[in-house]
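Visitor: Residue numbers (my numbering): 11 to 353. Where is the CB? At the ideal position from N, CA and C, for every residue including glycine. Just so it is clear, the structure is predicted and the values come from calculations on it, not from any experiment. Below are the structure tokens for one structure; questions will follow.
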């Protein structure tokens, strides 16, 4: 393979790699080879056989040395450029002067070209040679519309609904170092009255509830309330001592009727105020048979006379109160005596 060598000013360079070649044997001069003329153009020579046979080991480490390659930028023909150069460059001169061809104006006609064009034969079917006719123009008024108003409608500013917060007024309103004594006293009295009213209402409500509970669970309270309603000063019997149980009370006109139970048998004891004594009372309610004997029995219990009209009915008067006892079954003398003693 032949290596191309470029020789510049006596120094040989590789045309491919640009490296310096030192052991270049000059070619033998022949008769046909002319004497080289040193010009600006590079001269291409053929290396010797020894240079071609020598192999270069590029993998071998080389010592650091200054660059000896050909700087191609220096041998290139300079061109005008706007970049900043180290040296000022002058404009290139043209070898041949350039003349600017000035065109004739369209207003001037070349008479020779016009004559030649008129002498040229024209085909009747070619439309481009048609001579334009004079065209008349009619001008008319065109109604002009108003330009559309594309401006957006003016929006009124928003109405401010709330007042701006004034930190100074808030600070004065929330200040605690100043206390209006009159307003504070008025507020305290109002609060005290409200508290007293609520406490009184609560107490009354508690008393009413307690009274209802006591009325439901206390026979004496029920009898006293019934006596007030009937206008009778009732007497509450001792139910546990008499052997009877309380079974409610009711008002029948001017009488108070007390319900009693004993061994599952129901009895009724009525109380009514009267001005009679025992004799006057039995004369009104008692009776006698055909032989003149009374139809009732007389029992004396302590200093009280009890009149037993039949086995299930008895009556007596004690302390201005007329007692009448009736039941579903017959009463024994012991039951009757216990009830009379404890009323």
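#1: For the beta strand (DSSP E) that residue 280 lies in, which residues bound it at each end?
#2: With a 10 Å radius around its C-beta and 16 neighbouring C-beta atoms as the bar for buried, classify residue 23 as buried or exposed.
#3: Taking the beta carbon of residue 259 as the centre, do at least 16 other beta carbons fall within 10 Å, making it buried, or is it exposed?
#4: Within a Cβ cutoff of 6 Å, which residues of the same chain sit near residue 246, ignoring the five residues on either side of it in sequence?
#5: With a Cβ-Cβ cutoff of 8 Å, do residue 310 and residue 328 count as a contact?
#6: For residue 222, collect the residues of the same chain with a Cβ closer than 8 Å to its Cβ; drop the 5 residues on either side in sequence, then sort them by chain order.
#7: On a Cα-Cα basis, can you pick out the residue from 314, 345 and 308 that is closest to residue 331?
#8: Comparing alpha-carbon positions, which option in 15, 214, 242 and 215 lies nearest residue 27?
#9: Beta-carbon within less than 6 Å of residue 354's beta-carbon, same chain only, minus the 5 sequence neighbours each way: which residues are those?
#10: In whole angstroms, what separates the C-alpha of residue 348 from that of residue 268?
#11: Buried or exposed: where does residue 238 fall if 16 or more other Cβ atoms within 10 Å of its Cβ makes it buried?
#12: Could you name the residues of the same chain whose beta carbon sits closer than 8 Å to that of residue 49, not counting the 5 residues immediately before and after it, in chain order?
#13: Label residue 292 either buried or exposed according to how many other C-beta atoms from any shown protein chain fall within 10 Å of its C-beta, with 16 as the threshold for buried.
#14: If you compare alpha carbons, which of 343, 285 and 199 is closest to residue 307?
#15: Less than 7 Å between C-beta atoms, sequence neighbours within five positions excluded: which residues of the same chain meet that for residue 316?
#16: By the DSSP assignment, the alpha helix (DSSP H) with residue 16 in it spans what residues?
#17: If you follow the alpha helix (DSSP H) that residue 252 is part of, which residue opens it and which one closes it?
#18: Report, in whole angstroms, the separation of the C-beta atoms of residue 242 and residue 264, which I expect to be a contact under 8 Å.
#19: Rounded to whole angstroms, what's the CA-CA distance from residue 87 to residue 75? Just pull it up for me.
#20: Over what stretch of residues does the alpha helix (DSSP H) that includes residue 265 continue unbroken?
#21: So, under 8 Å CB-CB, residue 212 and residue 276 are touching, yes? Tell me the CB distance rounded to an integer number of Å.
#22: Do you know whose CA, among 160, 253 and 150, lies nearest residue 274's CA?
#23: Can you grab the Cα-Cα spacing for the pair residue 177 / residue 190, in whole Å?
#24: Buried or exposed for residue 282, please, with buried defined as at least 16 other CB atoms from any protein chain shown within 10 angstroms of its CB.
#25: Tell me, to the nearest whole angstrom, how far the beta carbon of residue 236 is from that of residue 261; I am working on the premise that it is less than 8 Å.
#26: Quick check for students: name the residue ranges of the alpha helix (DSSP H) that lie wholly in the segment 119-167, counting only runs of 4 or more.
#27: Going by DSSP, which residues form a beta bridge with residue 309?
Guide: Concretely, from the data shown:
#1: 275-283
#2: buried
#3: buried
#4: 230 and 233
#5: no
#6: none
#7: 314
#8: 15
#9: The structure shown does not extend to residue 354, since the chain spans only 11 to 353, so no value can be given for it.
#10: 16 Å
#11: exposed
#12: Low per-residue confidence applies at residue 49: pLDDT is 45, beneath 50, and the placement is therefore not dependable enough to give any value.
#13: buried
#14: 343
#15: 309, 324, 326, 346 and 350
#16: Element bounds for residue 16: not the alpha helix (DSSP H) but the beta strand (DSSP E), 15-18.
#17: 249-252
#18: 7 Å
#19: 29 Å
#20: Segment 265-272 is the beta strand (DSSP E) holding residue 265; no alpha helix (DSSP H) there.
#21: That pair is no contact at about 42 Å.
#22: 253
#23: 22 Å
#24: buried
#25: 5 Å
#26: 121-129
#27: 316
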